[in-house]
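Reviewing the structure listed below.
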Amino acid sequence: MQKRFLYLAMPALFCVTSCAILLAQTPESQTAQPQVITVNAKKYEFTPVEIHVHKGVRVQLKIHSEDVAHGAKLSLYPEGSSDKGTPGLQFSDPAANGKVEKGVDQLLDFVPQQTGVYEFKCAKVCGFGHNRMKGKLIVEP
Ligand SMILES: [Cu+2]
Numbered sequence: 027m028q029k030r031f032l033y034l035a036m037p038a039l040f041c042v043t044s045c046a047i048l049l050a051q052t053p054e055s056q057t058a059q060p061q062v063i064t065v066n067a068k069k070y071e072f073t074p075v076e077i078h079v080h081k082g083v084r085v086q087l088k089i090h091s092e093d094v095a096h097g098a099k100l101s102l103y104p105e106g107s108s109d110k111g112t113p114g115l116q117f118s119d120p121a122a123n124g125k126v127e128k129g130v131d132q133l134l135d136f137v138p139q140q141t142g143v144y145e146f147k148c149a150k151v152c153g154f155g156h157n158r159m160k161g162k163l164i165v166e167p
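First residue of the sequence shown? That's 27 in this note's numbering, and the numbers climb one at a time after it.
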């Protein structure tokens with residue numbers, strides 16, 4: 027009888043313990059609700075072309091291409107910034123910035139650390155107007 031109880035109790039105890047450990051380990055930045063913004067990209071514009079976010083609030087930009095493959099590459103430093111030390115935008119996956127995969131929405135996940143205007147431009151040569159395909163991310167206090 028006691029053995030049977032152990033067979034039942036041990037897996038349950040294991041479940042409860044591992045769940046508690048997982049919950050305790052999740053950093054606050056992952057549990058905090060990010061500001062999710064969808065940006066539509068088509069030849070040769072981003073909509074919206076101007077994005078307003080707040081310093082310290084995690085942002086998820088979803089870049090959706092409507093025609094050919096586009097993507098966004100965000101400048102890591104605000105316009106006019108001479109300090110090239112710590113980036114003003116802190117990406118969870120820096121490699122995602124400017125990475126374009128055909129048919130897949132690009133996800134840029136970051137926390138703005140510094141106020142200012144950050145330019146973003148199309149990260150994939152998409153035609154004659156590619157060089158003027160740009161937008162602005164404005165980080166407010
Ligand atoms: Cu382009």
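Glycine included, C-beta positions come from ideal geometry on N, C-alpha and C. These numbers were taken from a predicted model, which means no experiment stands behind them.
Distance from the CA atom of lysine 162 to the CA atom of histidine 156, rounded to whole angstroms, is 16 Å. Using a cutoff of 8 Å, the CB of alanine 149 counts as near ligand 1, since one of the ligand's heavy atoms is closer than that. In this chain, proline 60 is not harboured by any beta strand (DSSP E), its DSSP state being neither H nor E. Of all alpha-carbon atoms in Gly114, Ala58 and Lys99, the one lying nearest the alpha-carbon of glutamate 105 is that of Gly114. Looking at the backbone, the Cα of threonine 112 and that of tyrosine 70 are separated by about 31 Å.
In the structure shown, histidine 96 adopts coil according to DSSP, grouped into three states. In this structure arginine 84 is buried. Its beta-carbon is surrounded by 16 or more other beta-carbon atoms within 10 angstroms.
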